[in-house]
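Residue numbers (the numbering used here): 13 to 324.
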């Protein structure tokens, strides 16, 4: 049994697992680094309420405030559901960076990137690009002998993503309900963006995160309780689920909607150009996963590493 206990050490106030190959972490927020230098944080098995509890549906029309109408409109597809994640997983401490992509592909990111910096997140990613990154990671780490057969790099499911974002919280954001605090945690549509480009008329002029019309270098803001950075804002992140009008619930849920050329994939977290509400833990968005779909400057990826269930 002792062979299954991870060897750990401490760094910058957080425990990290000392191992060339992945193994289960001991508690939420434990860290592990792969062969490319990508840092991952452990998300333990657990239960949580996924989604957002809207208030408007429980009130008479005369009593619904403008804020409650906004909540009902934005989160109409995010009615709360109970979720159990039976297996823990590692998720990127940061959104995948240009430096990590260079190490993976031995070349730099596409010249479309809005910010050329080794620690800037990849952007302009289509769904297929994000899937291919996982495929390349699996091939590289397997070839190097650092990836056991029962572990795999994948895109997060929608449930895994929200579980990691919430990090045990039940509030609008991972840090609480106060939008005024968001500039400490996120690069989103604020005064800096509005001053740089007034076409972003919806930006929150009362807030300023210090970055204008581009992603910020990863880790520029405060992390959540499990040590994850930029879960709110910066670049929106692809999930594996096909978008459906309702959240999937239950044990290890995935969307029941079948992928076709007309369906879309879930994206989460909001981005540098998103209004504050779009950055909330429970907000859902979706974009086309068709190979010929448009590349958006706000789309990135955060990779998950998970132990695969044994075949029956």
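We treat Cβ as the ideally placed atom computed from N, Cα and C, and that holds for glycine.
Non-local C-beta neighbours of residue 183 in its own chain, meaning closer than 7 Å and more than five positions away in sequence, comprise 189, ordered along the chain. Classified as buried, residue 227 has 16 or more neighbouring CB atoms from the shown chains inside 10 Å of its CB. Assignment of residue 186 by DSSP, reduced to helix, strand and coil, places it in the coil class.
Between residue 146 and residue 315 the beta-carbon gap is near 6 Å, inside 8 Å, which marks them as a contact.
Spanning the alpha carbons of residue 56 and residue 210 requires a straight line of approximately 43 Å. Counting only residues of its own chain and dropping the five nearest sequence neighbours on each side, residue 139 has a CB closer than 6 Å to the CB of 250, 277, 301. With 16 or more other CB atoms across the displayed protein chains lying within 10 angstroms of its CB, residue 105 is buried.
Judged by DSSP secondary structure, residue 298 falls within the beta strand (DSSP E) whose first and last residues are 297-300. Every unbroken stretch of the alpha helix (DSSP H) spanning 4 or more residues and falling wholly within the segment 126-214 is given here in chain order: 139-155, 170-178, 203-208. When the Cα atoms are used, residue 191 and residue 290 turn out to be separated by approximately 11 Å. Residue burial is scored here from C-beta neighbours: residue 263 has fewer than 16 other C-beta atoms within 10 angstroms and is therefore classed as exposed. Residue state for residue 115 is assigned as helix, using DSSP reduced to three classes. Apart from the 5 residues on each side of it in sequence, residue 107 sits with its Cβ closer than 6 Å to the Cβ of 133, 230, 242, 247, 312, 314 in its chain, given in chain order. Shown here, residue 55 sits in a strand according to DSSP, grouped into three states. Residue 117 has its alpha-carbon roughly 40 Å from the corresponding atom of residue 92.
For the pair residue 238 and residue 34, the CB atoms are not nearer than the 7 Å cut-off. Taking the Cα positions, residue 161 is about 11 Å away from residue 321. It is roughly 25 Å from the alpha-carbon of residue 282 to the alpha-carbon of residue 114. Excluding its 5 nearest sequence neighbours in each direction, residue 47 has C-beta neighbours in its own chain below 7 Å: 153, 156, 158, listed in chain order. Bounds of the beta strand (DSSP E) holding residue 252 are 248-254. Exposed is the label assigned to residue 271, since fewer than 16 other Cβ atoms lie within 10 Å of its Cβ.
Residue 165 and residue 317 have their alpha carbons spaced roughly 4 Å apart. For residue 244 and residue 234, the gap between their C-alpha atoms comes out near 10 Å. Excluding sequence positions up to five before and after residue 208, its CB lies within less than 6 Å of the CB of 224, 225, all in the same chain and listed in chain order.
Taking the CA atoms as reference points, residue 275 sits about 7 Å from residue 254. Within the same chain, 251, 253, 278 come within 6 Å of residue 170 by CB-CB distance, once the 5 residues on both sides are set aside. Residue burial annotation: residue 185 is buried, with at least 16 other C-beta atoms found within 10 angstroms of its C-beta. Close CB contacts of residue 51 within its chain, under the 8 Å cut and outside five residues either way in sequence, are with 43, 44, 45, 104, 105, 106 (chain order). Rounded to the nearest whole angstrom, the C-alpha separation of residue 218 and residue 293 is 21 Å.
With distances taken between CA atoms, residue 142 lies nearest to 109 out of 88, 130, 109, 174. Here the alpha carbons of residue 297 and residue 204 stand approximately 24 Å from one another.
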